Ligand code: C2E
Ligand code: MG
Ligand code: MG
Ligand code: MG
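In our numbering, the protein residues as written are 1 to 282.
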C-alpha cells in the first residue's frame with residue numbers, strides 16, 4: 001500500500017473513503033504493530049546555552065520508520081494516537097526509553113536534562129505520576145534530570161486536577177516546561193500558581209526575528225515575563241545566526257534549532273557533544 005493512503009485528514013468523514021476515518025484506523029493499527037515490532041525510535045535535539053554554547057539538555061522526539069510506509073512524522077501520527085488513546089502506550093514507551101537514555105548519560109557524567117513531550121490524554125490518565133516515578137526508579141535517574149514538556153491546553157483542561165498533578169510531579173523533583181508557549185490560551189494566571197520551571201518560545205514567533213515587529217514584541221514580552229517570574233526561557237526553532245543574536249541580546253538564555261542541530265539519534269548526538277572523540281564507526 002502507498003504511504004499516501006495512510007495520511008490523516010481531519011476534514012474527511014466519509015466512511016471508507018481514501019483519507020477518511022478508515023485510513024485513520026489503518027494508521028492506528030500500523031502504530032500498534034510498530035510499537036510491538038520496535039519501529040519507533042527516539043531522537044534527541046540539543047538545547048544549548050546561548051552564551052557558552054554548551055549543550056545543557058536534549059528534547060526527545062519520536063521517530064517512526066515503517067518498513068512499508070516509510071517515515072511518518074509525529075505531526076501526522078501523534079494526533080491520531082491522541083484520538084484513539086494509543087498515545088498512552090506510546091507515551092509510556094517514550095518515557096521509559098528517554099529515562100533509560102538519560103540515565104546512561106547521567107552515569108557518563110554528562111549532566112544533560114532530557115525533556116519529553118507529554119500529551120494531554122497521557123497527563124490526565126490515572127496513575128501518570130506513578131508511572132513517571134517508577135520509570136525514574138527503574139533506571140536509577142535523579143528526577144531533576146527529567147523534564148516534562150506540557151502544552152498550555154493541559155493546564156486549562158481540569159485546572160484543579162492539573163494543579164495537583166503538577167504539584168506531585170514537582171515534589172518528585174521532575175522539571176516542568178510549557179511547550180509552544182504563546183500559542184495556547186492567553187490566561188497567564190496559571191504561571192503564578194503552577195510550579196513551572198521553563199517556557200519554550202514557540203518557533204512561530206522565532207521565525208520572523210529580527211525583522212518582524214510583532215515577533216520582536218512577543219519575544220521581548222515572553223523573555224521579560226520569564227525574568228519576572230524566575231522561569232528559564234528557551235527559544236525553539238532557531239535556524240539563523242541573526243535569530244540567535246537577536247535572542248541573546250534580548251536576554252533569552254537557551255535555544256534549540258537547526259542552527260545548532262536537528263534531532264539526532266543518540267550516537268550522533270554524543271558525537272556532536274564530543275566532536276574530538278567520535279565513537280568508532282562514525
Ligand atoms: P514540539 O515538541 O514543539 O517539537 C519541536 C518540533 O520542531 C520538532 O518536530 C523538531 O524536529 C522541530 N524543530 C526543531 N528545530 C527546528 C528548526 O530549527 N526549524 C524547524 N522548522 N523545525 C524545528 P517533530 O519532531 O516533527 O515533532 C513535531 C511535534 O510532534 C512536537 O512538537 C510534539 O508536539 C510532537 N511530538 C514529537 N515527539 C513526541 C512524543 O514523543 N510524544 C508526544 N506526545 N508528542 C511528540
Ligand atoms: Mg516539545
Ligand atoms: Mg515546541
Ligand atoms: Mg510544537
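Just so you know, even glycine gets a beta-carbon here, dropped at the ideal spot from N, CA and C.
Everything numeric in this text was worked out from a predicted model, so none of it was measured.
Where residue i falls: helix, strand or coil (DSSP)
i           : result
residue 87  : helix
residue 103 : helix
residue 235 : strand
residue 49  : strand
residue 182 : coil
residue 262 : coil
residue 124 : helix
residue 73  : coil
residue 41  : strand
Residue-level contact to chain D via CB, residue i, 8 Å cutoff
i          : result
residue 28 : The structure shown has no chain D; it contains just one protein chain.
Extent of the continuous alpha helix (DSSP H) run through residue i
i           : result
residue 266 : 266–273
residue 220 : 213–228
residue 196 : Looking at the DSSP string, residue 196 is not in any alpha helix (DSSP H), and its letter there is neither H nor E.
residue 206 : 203–206
residue 161 : 159–172
Endpoints, the beta strand (DSSP E) within which residue i is located
i          : result
residue 56 : 55–66
From the options, residue whose alpha carbon lies closest to that of residue i
i           : options            : result
residue 201 : 126, 87, 30, 219   : 219
residue 211 : 183, 245, 236      : 245
residue 78  : 88, 153, 131       : 88
residue 54  : 217, 152, 46       : 46
residue 144 : 116, 173, 135      : 173
residue 51  : 253, 258, 168, 260 : 253
residue 260 : 30, 163, 57, 32    : 57
residue 26  : 208, 68, 226       : 68
Beta bridge counterpart(s) of residue i as assigned by DSSP
i           : result
residue 177 : 149, 198
residue 117 : 149
residue 245 : DSSP output for residue 245 lists no bridge partner at all.
Lining residues of ligand 2 - beta-carbon closer than 7 Å to any non-hydrogen atom, in sequence order: Answer in sequence order: 59, 115, 117, 149, 179, 200.
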